[in-house]
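See below for the structure under consideration.
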Amino acid sequence: MNSYDVVVIGAGNGGLTSAVSLAQKGLKVLLLERHNIPGGCATSFCRGRFEFEVALHQLSGLGTPDKPGPLRSYLHGLEVVDELEWVAMENLYRIVLPGKLDLTLPAEKDALISVLQARFPAEKESIVQFFDMLYNFFYQVIQGFFMRDPEISKEKYPLYFKYALKNTQEILDKYFTDSLLKLALSPYWAYMGIPTSHLAFVDYAALMFQYIEYKPFHLKGGSQALSNALLARFIKHGGEVRFNCAAKKIMVENGRVTGVITADDDIIACERVVSNASTVVTYTELIDAEKVPEEQFEIMSSSTIGTSAFTVYIGLDCEARDLGIDESTIFFYESADPDQQASAVRSLDMSQDPFLLSYYNLADPEASPPGTSQLAIVNMAYADPWLQVPPAEYQQMKYHCADTILNRVEELFPGFRDHIEEIDIATPVTHMRYLGSPGGAFYGFDQYAKDSNLFISPRAPIQGLFLAGAWVGAGGFQPTLMSGGAAARAVLRDMKK
Ligand SMILES: Cc1cc2nc3c(=O)[nH]c(=O)nc-3n(C[C@H](O)[C@H](O)[C@H](O)COP(=O)(O)OP(=O)(O)OC[C@H]3O[C@@H](n4cnc5c(N)ncnc54)[C@H](O)[C@@H]3O)c2cc1C
Numbered sequence: 016m017n018s019y020d021v022v023v024i025g026a027g028n029g030g031l032t033s034a035v036s037l038a039q040k041g042l043k044v045l046l047l048e049r050h051n052i053p054g055g056c057a058t059s060f061c062r063g064r065f066e067f068e069v070a071l072h073q074l075s076g077l078g079t080p081d082k083p084g085p086l087r088s089y090l091h092g093l094e095v096v097d098e099l100e101w102v103a104m105e106n107l108y109r110i111v112l113p114g115k116l117d118l119t120l121p122a123e124k125d126a127l128i129s130v131l132q133a134r135f136p137a138e139k140e141s142i143v144q145f146f147d148m149l150y151n152f153f154y155q156v157i158q159g160f161f162m163r164d165p166e167i168s169k170e171k172y173p174l175y176f177k178y179a180l181k182n183t184q185e186i187l188d189k190y191f192t193d194s195l196l197k198l199a200l201s202p203y204w205a206y207m208g209i210p211t212s213h214l215a216f217v218d219y220a221a222l223m224f225q226y227i228e229y230k231p232f233h234l235k236g237g238s239q240a241l242s243n244a245l246l247a248r249f250i251k252h253g254g255e256v257r258f259n260c261a262a263k264k265i266m267v268e269n270g271r272v273t274g275v276i277t278a279d280d281d282i283i284a285c286e287r288v289v290s291n292a293s294t295v296v297t298y299t300e301l302i303d304a305e306k307v308p309e310e311q312f313e314i315m316s317s318s319t320i321g322t323s324a325f326t327v328y329i330g331l332d333c334e335a336r337d338l339g340i341d342e343s344t345i346f347f348y349e350s351a352d353p354d355q356q357a358s359a360v361r362s363l364d365m366s367q368d369p370f371l372l373s374y375y376n377l378a379d380p381e382a383s384p385p386g387t388s389q390l391a392i393v394n395m396a397y398a399d400p401w402l403q404v405p406p407a408e409y410q411q412m413k414y415h416c417a418d419t420i421l422n423r424v425e426e427l428f429p430g431f432r433d434h435i436e437e438i439d440i441a442t443p444v445t446h447m448r449y450l451g452s453p454g455g456a457f458y459g460f461d462q463y464a465k466d467s468n469l470f471i472s473p474r475a476p477i478q479g480l481f482l483a484g485a486w487v488g489a490g491g492f493q494p495t496l497m498s499g500g501a502a503a504r505a506v507l508r509d510m511k512k
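For what it's worth, the working numbering labels the leading residue of the sequence shown as 16, then goes sequentially.
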């Protein structure tokens, strides 16, 4: 029987980074991945002469060598940051509510405030006060929470205690009256998967602060380049990887991990496992139910499966900027009402959904062959309505939904449809299939505060089991990449004991 110090299940962001961290420490690590390529969501696929980015739109927390964000320092430690080409975006996004709002927000605090003040002069003072509060609040989060101040208290960190768990909409309502201004500041809820009416302010502030301070980044070669670089580093440090090789069982004896059985019935002995598969799959499929503490099922039953997406990947036979598409990231809305936005994404009627249009060639002219453009349209979507569609009608429904979205894009950028050379469509069912996650969810559970990394540990309630990825804390690139580091540190602490 083969034996390893650690088996890592899943080569998504969390699995790859934990595998590299552990291999760097000289541990004997085996990485198992059910798919045939590394990355999970952080991957790409080819159609015709285009290679489409699956998931990455705007990387947060990176910063520049002169002003590194937490992610740059972390990736530097994993020895991959310098071999990749990162491109900063100068703007956060353009936001469009047809006929009412069309505004581009710069990724620089003073410039951002000026743009907002020029468009909403009646709320000039409130805009400054809001950003002062947001920055002071987040400095308190960094000092009190991230730096683990042992003397953390209400008196020392008043803003943190007052606002962290409030819903974002309540705070936007407190500072502003114009619903269009509130909308202009809201679209990053899509990167957490829950609307501002339910999004904890600490999560909203983290997104805004990091994107403004460190700018959003694009990566040349897409997220697949990062996944490949992490895998190469893992192998260089002696790690072993098996693709097309799912873990079928995590063996547990007397409350301790003893090994892993692969889908082809290879038994691997190990005392520690890092699972990058969803928590739901880990506890309900990979481990026999009687070996999972009852309490774990109770905890999971109070959470809900988070959002997936409906995505249209498009290759145009022209430069998209010639059609008026002038920003890397454009958010489209049909309403300024956050409750309307939240309910719209729950149905198959895509006529009212907010969506994001990413235009990759602006940051990276080589994102597609010369004279062409790579774009992706993404809207939040849940698997439930898709699973109600009879299989015989699935393709038709998929094309109908894409047609609705494309018509909305066409209204804003006439001629768009005529230039589509390649197109492919992913529904939540697609994401279920290639990720193996329930509902095709890629941010884990709905990101309510109780399921955020304020409260979740990478240590599972079974000895030797550790978790990495979107299901233990926040989803998205930066949090899941960093979650692998947290899992690896927990493994190393456990080994020292
Ligand atoms: C369309 C789309 C758009 C997105 N947009 C953004 C964005 O703009 N910004 C952002 O920050 N984030 C975005 N995300 C989310 C982000 O990509 C994910 O949150 C993150 O990549 C998830 O990483 P993870 O570590 O949880 O692993 P995952 O990517 O979920 O990977 C888990 C891996 O485990 C493997 N696995 C599962 N079960 C087993 C098993 N039994 N045995 C072996 N292997 C197994 C899977 O095959 C998979 O490779 C987007 C995602 C998608 C799909």
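Don't be surprised by glycine CBs; every beta carbon is placed ideally from N, CA and C.
Supposed close pair residue i, residue j - CB separation, criterion 8 angstroms
{"i": "glycine 54", "j": "serine 242", "result": "3 angstroms"}
{"i": "glutamate 48", "j": "valine 256", "result": "7 angstroms"}
{"i": "isoleucine 502", "j": "leucine 482", "result": "First, the residue type needs correcting, since residue 502 is alanine and not isoleucine in the sequence shown. Confirmed, about 7 angstroms."}
{"i": "phenylalanine 346", "j": "isoleucine 110", "result": "5 angstroms"}
{"i": "valine 95", "j": "leucine 245", "result": "6 angstroms"}
{"i": "tyrosine 375", "j": "glutamate 138", "result": "Actually they do not touch by this definition, with Cβ atoms about 34 angstroms apart."}
{"i": "alanine 485", "j": "alanine 396", "result": "Contact flag wrong, Cβ pair sits at about 16 angstroms."}
{"i": "tyrosine 175", "j": "isoleucine 186", "result": "Not quite, the Cβ-Cβ distance comes to about 13 angstroms (not below 8 angstroms), so this is no contact."}
{"i": "tyrosine 463", "j": "histidine 213", "result": "6 angstroms"}
{"i": "glutamine 356", "j": "proline 453", "result": "Between proline 453 and glutamine 356 the Cβ distance is about 24 angstroms, and since that is not below 8 angstroms, they are no contact."}
Continuous beta strand (DSSP E) stretch holding residue i: start and end
{"i": "valine 95", "result": "Segment: none, valine 95 is in no beta strand (DSSP E) and carries neither H nor E."}
{"i": "glycine 274", "result": "271–277"}
{"i": "histidine 213", "result": "Here histidine 213 belongs to no beta strand (DSSP E), and DSSP marks it neither H nor E."}
{"i": "glutamate 437", "result": "435–441"}
{"i": "arginine 287", "result": "287–290"}
{"i": "leucine 480", "result": "480–482"}
{"i": "phenylalanine 232", "result": "232–234"}
{"i": "valine 360", "result": "No beta strand (DSSP E) contains valine 360, which DSSP labels as neither H nor E."}
{"i": "alanine 103", "result": "101–103"}
Ligand 1 heavy atom lying under 7 angstroms from the CB of residue i
{"i": "phenylalanine 249", "result": "no"}
{"i": "glutamate 48", "result": "yes"}
{"i": "serine 59", "result": "no"}
{"i": "glutamine 73", "result": "yes"}
{"i": "asparagine 291", "result": "yes"}
{"i": "isoleucine 4", "result": "Residue 4 falls outside the range modelled here, since the chain spans only 16 to 512, and no answer is possible."}
{"i": "leucine 450", "result": "yes"}
{"i": "cysteine 56", "result": "yes"}
{"i": "histidine 446", "result": "yes"}
{"i": "threonine 322", "result": "no"}
{"i": "glutamine 225", "result": "no"}
{"i": "valine 267", "result": "no"}
{"i": "glutamine 493", "result": "yes"}
{"i": "alanine 483", "result": "yes"}
{"i": "leucine 480", "result": "no"}
{"i": "valine 69", "result": "yes"}
{"i": "threonine 326", "result": "yes"}
{"i": "valine 272", "result": "no"}
{"i": "tyrosine 203", "result": "no"}
{"i": "glycine 236", "result": "no"}
{"i": "leucine 37", "result": "no"}
Residue-level contact to chain C via CB, residue i, 8 angstroms cutoff
{"i": "glutamine 411", "result": "Absent from the structure is chain C; it holds one protein chain and no more."}
Residue(s) in a DSSP beta bridge with residue i
{"i": "asparagine 394", "result": "Phe325"}
{"i": "histidine 415", "result": "The partner list for histidine 415 (beta bridge, DSSP) is empty, contrary to what the question assumes."}
{"i": "isoleucine 110", "result": "Leu118 and Phe346"}
{"i": "glutamate 268", "result": "Arg271"}
{"i": "glycine 27", "result": "Gly54"}
{"i": "glutamate 334", "result": "According to DSSP, glutamate 334 bridges with nothing at all."}
{"i": "glutamate 255", "result": "Leu45"}
{"i": "proline 83", "result": "Gly78"}
{"i": "cysteine 61", "result": "Glu66"}
{"i": "tyrosine 374", "result": "Leu390"}
{"i": "phenylalanine 460", "result": "Ile320"}
{"i": "isoleucine 283", "result": "Asn17 and Val275"}
{"i": "valine 22", "result": "Leu45 and Val288"}
{"i": "alanine 244", "result": "Answer is none; alanine 244 lacks a bridge partner."}
Range of the contiguous alpha helix (DSSP H) that encloses residue i
{"i": "aspartate 188", "result": "183–190"}
{"i": "glutamate 313", "result": "309–316"}
{"i": "isoleucine 142", "result": "139–155"}
{"i": "isoleucine 128", "result": "124–134"}
{"i": "aspartate 509", "result": "492–511"}
{"i": "leucine 195", "result": "194–199"}
{"i": "lysine 40", "result": "Unbroken run through lysine 40: none, as it is neither H nor E."}
{"i": "leucine 174", "result": "173–178"}
Contact test: residue i Cβ vs ligand 3 heavy atom, cutoff 7 angstroms
{"i": "valine 393", "result": "You won't find ligand 3 in this model; what it holds is ligand 1."}
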